[in-house]
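Chains as they are written, first to last, in the working numbering: chain A, 1 to 410; chain B, 411 to 684.
Here the structure comes first, spelled out in structure tokens, and everything after it is commentary.
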């Protein structure tokens, strides 16, 4: 155990591919597109992160939290019945749904909260869509004794009332955002506005691999524990990884799984939310249907109109309902390293039921997109091949949504 | 000599501080914007800052956010704004116009086309809020090629080294953001701002403007001690919002807001007099 722990502490920087560059660019994507007032706090954050990311004490603290608070390592579960039913590749599920708070989000929030503490900040702010990142932020703020304010679109507050209550139970203040489309992107704007105003005592925990540099990089690094564990767990099973599948909204769970495999031969598939269908205008699939532009501090693929105004997106899952995507995914798409597909609301719902009934695991609606895609993929693969799906979150939070759609009153 | 440079020279000779007034283009409509621009000039505005509406104006407070939403409800585009400026220029050839906005609408139109059309319409300078100097090199050179000056922001937490680097790209004037916060905020500390302005003034070879949170004549007068220009934005947009459907009221209220500010800026208090 000691040996493997040491190894994991040291393999934080083993990747050859070398993005981002020192200015936070992923090829033509990424960067730091913010108003001048945010340059200093972003520079401070970058300096602190670069100082700490290889620091033994910091990593010890981080891994202590990963193991004792988050509940890592999470299991890599062989989905035997699903595999049999699909009759294709062997399907493994990386059980991020078993993390504390029920999703992968806490891997990142605990890392950023420790950074915040080291920087002497006393107040944490976060944006949230489905509420998972808000809950994960409120959780670690409570754990470390910090104030926490979560910005959430008025629309999402209505859709995810249970998570709003969870955040309040955890001691956070939830601020409704009424500007723009009243969803995740507007919550992000509002969090940036708060940060500009309160930079001196406030740390902004961004929940995904988007935003201005260094956020896409540090969120990725904190989530990369997912992929590193998969490498080790598959080695222990003496199996090779042929394909990786994860859903992509902003893209943090996908990057977390993919990144440690970037230099390997494993095929990678990111799954966007196709909503009512990619051929309609009701989806959240910027990598499939978007144009390159600049939003929330970085250049990436965006869903926008012909005048460069960001358009409203649609997905059954609030966590994928975002018009942009992390800049590293934009690069990986252009490099051809990751293939980005999609799943519709309907396909995701079917997968939601399928996994619940065949494996006894109720997945989050976000995750259900990955499952829908992976089931199709696995059926076309050879029986001796192995596919790993990132089971990024559990579906308890979605029971009301699914019941409502199916006309069931709880 | 550029229109902006000439304006600052003229004002200097008259011992006046420059008054820069901001409105969001297309709020509440493009036609209204034209008449409001004329009112701004009549009330003593020296430079007009015309906001290019964006769906996600992350550096702006609620007042200008709502102005953007009103303009976007009518699908106001960059092309509409160029026509607006062209129309304004038919009657006014000496008031400089600065377009202030976010990068994405410009990127979507294409930098070369945007700059060419802006210049043809009679725009003098561009301020891109979310374009720090690190990302600005190519964009600024395209603007320059099209006779457009690039206005840059400096914040209370911008250090001296950074100001130097910003000055490599900045022209026209330098825009000091008087507080850590968004446009229209109410936390302006006048003494602190004066101190900071004095620091910056010594290292800057272009005019220095100050804005964010300035709402009245007294504040404008006090800050003019250490600044070449005062920017009034949200206070004007508030007036437009309040009386959207009453053009006369909007014009009168703008006059009532700006006239006293103009008067206070007419006799520039030189440093050391207060």
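By construction, the Cβ of each residue, glycine as well, lies at the ideal position given by its N, Cα and C atoms.
Treat the numbers as computed from the prediction; the structure is a model and nothing was measured.
The DSSP-derived three-state label of residue 267/A is strand. The beta carbon of residue 525/B sits no closer than 8 Å to any beta carbon of chain A. A contact between stretches requires three or more CB pairs, one per stretch, nearer than 8 Å, and the segment 191 to 211 of chain A fails this requirement with the segment 14 to 25 of chain A.
Per the coordinates, the alpha-carbon of residue 373/A lies some 43 Å from the alpha-carbon of residue 201/A. Not a single CB atom of chain B sits nearer than 8 Å to the CB of residue 246/A.
When C-alpha distances from residue 158/A are compared across 128/A, 360/A and 77/A, the shortest belongs to 128/A. Secondary structure note for residue 660/B: its alpha helix (DSSP H) is the uninterrupted segment 657 to 676. The three-state reading of DSSP puts residue 299/A in strand, counting E and B together. The continuous stretches of alpha helix (DSSP H) do not include residue 580/B, and DSSP gives it neither H nor E. Listed as beta-bridge partners of residue 148/A by DSSP are 124/A.
The beta carbons of residue 540/B and residue 513/B sit closer together than 8 Å. When C-beta atoms of the segment 54 to 61 of chain A are compared with those of the segment 78 to 90 of chain A, fewer than three pairs fall below 8 Å, so the two segments do not count as touching. Taking 4 residues as the shortest admissible run, the segment 604 to 666 of chain B contains the following complete alpha helix (DSSP H) segments, listed from N- to C-terminal end: 627 to 634 and 644 to 652. Under the Cβ criterion of 8 Å, residue 371/A is not counted among the residues facing chain B. The straight-line gap separating the alpha-carbon atoms of residue 498/B and residue 444/B is approximately 6 Å. Residues of chain A with a Cβ closer than 8 Å to the Cβ of residue 614/B do not exist; the shortest Cβ-Cβ separation is about 15 Å. For residue 366/A and residue 93/A, the gap between their C-alpha atoms comes out near 15 Å. Rounded to whole angstroms, residue 621/B and residue 587/B show a C-alpha spacing of 5 Å. Interface annotation, residue 506/B: not in contact with chain A, CB-CB separation never under 8 Å. Residue 488/B reaches chain A at 307 and 308, counting residues in chain order whose Cβ is nearer than 9 Å. Interface flag for residue 346/A against chain B is unset, since no Cβ pair is found closer than 8 Å. In this structure residue 377/A is not in contact with residue 325/A, their Cβ atoms being roughly 20 Å apart against a cut-off of 8 Å. What residue 465/B touches in chain A, judged by beta-carbon distance under 7 Å, is 180, 309 and 310, going in chain order. Close CB contacts of residue 243/A within its chain, under the 6 Å cut and outside five residues either way in sequence, are with 267 and 387 (chain order). Here the C-alpha atom of residue 546/B lies approximately 8 Å from the C-alpha atom of residue 579/B. A Cβ of chain B is located within less than 8 Å of the beta carbon of residue 185/A. Between the alpha carbons of residue 183/A and residue 239/A lies a gap of roughly 42 Å. When DSSP reads this structure, residue 71/A sits in no beta bridge, so it has no partner.
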